[in-house]
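Here the structure is laid out as structure tokens; the discussion comes afterwards.
Number of protein chains: 2
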Amino acid sequence: MTLGWEDVRAEVLRRIHARDWAPGALIPGEEALSVEFGVARATVNRALTALAEAGVIERKKRAGTRVAALPVRRARLEIPVIRLDVLGRGLPYDFDLLTDQLGPAPVPVTARLGLPEATPLRYLETLHLSGGRPFVFEARWLNPAVLPDPAPDFADISANEWLVTHVSLVSGDIAFTAEPASLREAEVMGVDPGTPLLVAERTTHGTAGAVTFVRLAHAPGHRVQMTF
Amino acid sequence: MTLGWEDVRAEVLRRIHARDWAPGALIPGEEALSVEFGVARATVNRALTALAEAGVIERKKRAGTRVAALPVRRARLEIPVIRLDVLGRGLPYDFDLLTDQLGPAPVPVTARLGLPEATPLRYLETLHLSGGRPFVFEARWLNPAVLPDPAPDFADISANEWLVTHVSLVSGDIAFTAEPASLREAEVMGVDPGTPLLVAERTTHGTAGAVTFVRLAHAPGHRVQMTF
DNA sequence: TTGGCTAATATGTCTAGACATATACCAAGT
DNA sequence: ACTTGGTATATGTCTAGACATATTAGCCAA
Chain A
19 MTLGWEDVRA
29 EVLRRIHARD
39 WAPGALIPGE
49 EALSVEFGVA
59 RATVNRALTA
69 LAEAGVIERK
79 KRAGTRVAAL
89 PVRRARLEIP
99 VIRLDVLGRG
109 LPYDFDLLTD
119 QLGPAPVPVT
129 ARLGLPEATP
139 LRYLETLHLS
149 GGRPFVFEAR
159 WLNPAVLPDP
169 APDFADISAN
179 EWLVTHVSLV
189 SGDIAFTAEP
199 ASLREAEVMG
209 VDPGTPLLVA
219 ERTTHGTAGA
229 VTFVRLAHAP
239 GHRVQMTF
Chain B
19 MTLGWEDVRA
29 EVLRRIHARD
39 WAPGALIPGE
49 EALSVEFGVA
59 RATVNRALTA
69 LAEAGVIERK
79 KRAGTRVAAL
89 PVRRARLEIP
99 VIRLDVLGRG
109 LPYDFDLLTD
119 QLGPAPVPVT
129 ARLGLPEATP
139 LRYLETLHLS
149 GGRPFVFEAR
159 WLNPAVLPDP
169 APDFADISAN
179 EWLVTHVSLV
189 SGDIAFTAEP
199 ASLREAEVMG
209 VDPGTPLLVA
219 ERTTHGTAGA
229 VTFVRLAHAP
239 GHRVQMTF
């Protein structure tokens, strides 16, 4: 029976977990491991590259490979389209477009998008419903430059979904905070003002520059879950 | 000049962003691309494998490679040791061990760890300080089975840090919620009860089973930031 | 002692060819 | 019409060997 790179990865991981190779310690080189396991060096390389990507080991040319001393744990968050998130929970999805207007955006918004202060942006307020109950209140500022000439009707398809299918999103960032529900949020979501809400703020850039800034206020009790 | 796998990845990504290859569309096979770019098929494979891991394309044997229709955006969260998180913000770090006792844990805690209901766990309350001000209030239940016989003194080293350096952590999950500050949290962190706090709950398992459940209540205004 | 050059070395990547594996598609049989 | 089974095909992985590149350790000169 011949070993594959996943077997090599598993065995190396086992030795690290078993503390055969302690945190911070140097582990044998690729050549040595390839001889020991009876595989080609490329196979060992594949395994170690995967482990390095996972943050378990640190590799440096000439210096060799060592077990990460303070392993930075990495969790991966998968950001689904809200509709699929709701459907995935087994509940019917719906949404209401509450506001849709064009006008100058607040300074913090244009600043985050890297646009001039007075840039007019399309402002959309959408309430996403899960089983008929408020799920997420979305406030979005959208750069009209990314929209095609007959602009899509966001009453039919949520802006969220239209963007991921029609605009190439290149990079962005997301931040989570806990904030008290504003008067507007409280009214729309049917909670008391000041209720703690999990808020996600996302900025997205595409090939042609700034695309959108979204603020998603989640219904009380919402959990954002990740595994590592 | 000869191309590397990163060049291939960049060019494929460019074509996807430029919509030469639309979402959902099939792209040429590895063999065809290797001929076009003048590289070995393994090089194309390396590039496409990386893109598939990033969620940009979907690959299936026999069926070929297609551009992801609804690209699931993935953000990576790096979970640092709290001390390094604080120091990384340029502030001095300190912590206080407020509580350290052994006793039966609440049912939700044992349930999450997959332990019998009455299991006695070590309960630690730690207040992490950033520049002398409350930063994170940590409530931790720790499986005493993972501790060595002369148990470490968590007044000297935070449990957080001792665990990552001394116990092999295999898997776990983390969830974020927004919750009102409890009376205890309000008192310890110097805020009003009911203040929205960003709460992270983490369960961790090691090679020898359940290790720990932590609840981290972050000071108001705290942001958990991710990039994609 | 310090600064910089050089050689040794471990990882990073590429190639060409081969075999493995999953599966879409089609054809044959019920 | 439906099921079953074979086959072609695209991706997945491995090997052996080579060259590239970063970086450290040691040496030598100012």
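So the protein sequences, as listed, match chains A and B. Just so you know, we're using our numbering here: the first sequence kicks off at 19 and counts up by one. Just so you know, we're using our numbering here: the second sequence kicks off at 19 and counts up by one. Where a beta carbon is used, it is the ideal one built from N, C-alpha and C, also for glycine.
Asked, Found
"Compare the Cα-Cα distances from Pro89/A to each of Arg130/A, Val99/A, Ile75/A and report the closest residue.", "Ile75/A"
"Considering only their Cβ atoms, is the gap separating Leu216/A from Phe194/A smaller than 9 Å?", "yes"
"Whose Cβ in chain A lies nearer than 8 Å to the Cβ of Val206/B?", "By Cβ distance, chain A contributes nothing, its closest Cβ being about 17 Å from Val206/B, past 8 Å."
"Which residues bound the beta strand (DSSP E) around Thr83/A?", "82-85"
"In chain order, what residues of the same chain have a beta carbon less than 8 Å from the beta carbon of Gly224/A, not counting five sequence neighbours either side?", "Val164, Val185, Ser186, Leu187, Val188"
"Look at Ala196/B and Pro214/A and say whether their C-beta atoms are less than 9 Å apart.", "yes"
"What residues are listed by DSSP as bridge partners for Arg220/B?", "Ile192/B, Val232/B"
"Thinking just about the alpha-carbon of each residue, which of Ala70/B, Leu131/B, Arg59/B, His35/B is nearest to the one in Val182/A?", "His35/B"
"Are the Cβ atoms of Gly149/A and Val104/A separated by less than 9 Å?", "yes"
"Could you spell out where the beta strand (DSSP E) holding Leu160/A opens and where it closes?", "151-160"
"Using a beta-carbon distance below 9 Å, is Pro52/B in contact with chain A?", "A quick correction: the sequence has Ser, not Pro, at residue 52/B. No - not a single Cβ of chain A is within 9 Å of the one on Ser52/B."
"My output table needs one value for Gly106/A: the three-state DSSP class, helix, strand or coil.", "helix"
"Quick check on this structure: which residue in Phe113/B, Ala204/B, Pro152/B has the alpha carbon closest to the alpha carbon of Glu179/B?", "Phe113/B"
"What is the rounded straight-line gap between the Cα of Gln119/A and the Cα of Pro41/B?", "29 Å"
"Do you know how far the Cα of Arg27/B is from the Cα of Asp51/A?", "The question names Asp, yet the displayed sequence has Leu at residue 51/A. Distance between the alpha carbons of Leu51/A and Arg27/B: 29 Å."
"Kindly indicate the opening and closing residues of the beta strand (DSSP E) around Ile97/B.", "91-97"
"Would you identify the three-state DSSP class for Arg241/B, choosing helix, strand or coil?", "coil"
"Quick one: complete alpha helix (DSSP H) runs, 4+ long, within the region 112-150 of chain A?", "125-131"
"If distances are taken between C-alpha atoms only, which option among Thr222/B, Arg151/B, Val154/B, Pro168/B comes closest to Asn161/B?", "Thr222/B"
"Would you mind telling me which residues of chain B sit closer than 9 Å to Asp191/A, beta carbon to beta carbon, in chain order?", "Ala93, Gln243, Met244, Thr245, Phe246"
"Determine the burial state of Leu69/A: buried for a count of at least 16 other Cβ atoms within 10 Å of its Cβ, exposed for fewer.", "buried"
"Restricting to Cα atoms, I'd like to know which of Gln243/A, Pro98/A, Leu31/A, Leu21/A is closest to Gly73/A.", "Leu31/A"
"Report the rounded CA-to-CA distance for Tyr141/B versus Ala123/B, giving the unit in angstroms.", "8 Å"
"Within 9 Å (strictly less), CB to CB, does Glu29/A reach chain B?", "no"
"For Ala136/A, which residues in the same chain have their Cβ closer than 7 Å to its Cβ, ignoring the five residues on either side in sequence?", "Pro122"
"Looking at the C-beta of Val49/B, does it have a partner C-beta in chain A at a distance below 9 Å?", "Per the sequence presented here, residue 49/B reads as Glu, with Val not at that position. Closer than 9 Å: no."
"Let me confirm a value: Leu133/A is counted as buried when at least 16 other C-beta atoms fall within 10 Å, else exposed. Which label applies?", "buried"
"Whose Cβ in chain A lies nearer than 8 Å to the Cβ of Arg37/B?", "Ser186"
"Assign Gly239/B to one of two classes, buried (16 or more other C-beta atoms within 10 Å of its C-beta) or exposed (fewer than that).", "exposed"
"Using the DSSP secondary-structure output, state which residues sit across from Glu24/B in a beta bridge.", "Paired residue(s): none; Glu24/B is not in a bridge."
"Taking only the alpha-carbon atoms, compute the straight-line gap between Ser200/A and Trp39/B and give it to the nearest angstrom.", "43 Å"
"Which class does Arg77/A belong to by DSSP, given the choice of helix, strand or coil?", "strand"
"What does the alpha-carbon distance come out to for the pair Val125/B and Phe231/B?", "12 Å"
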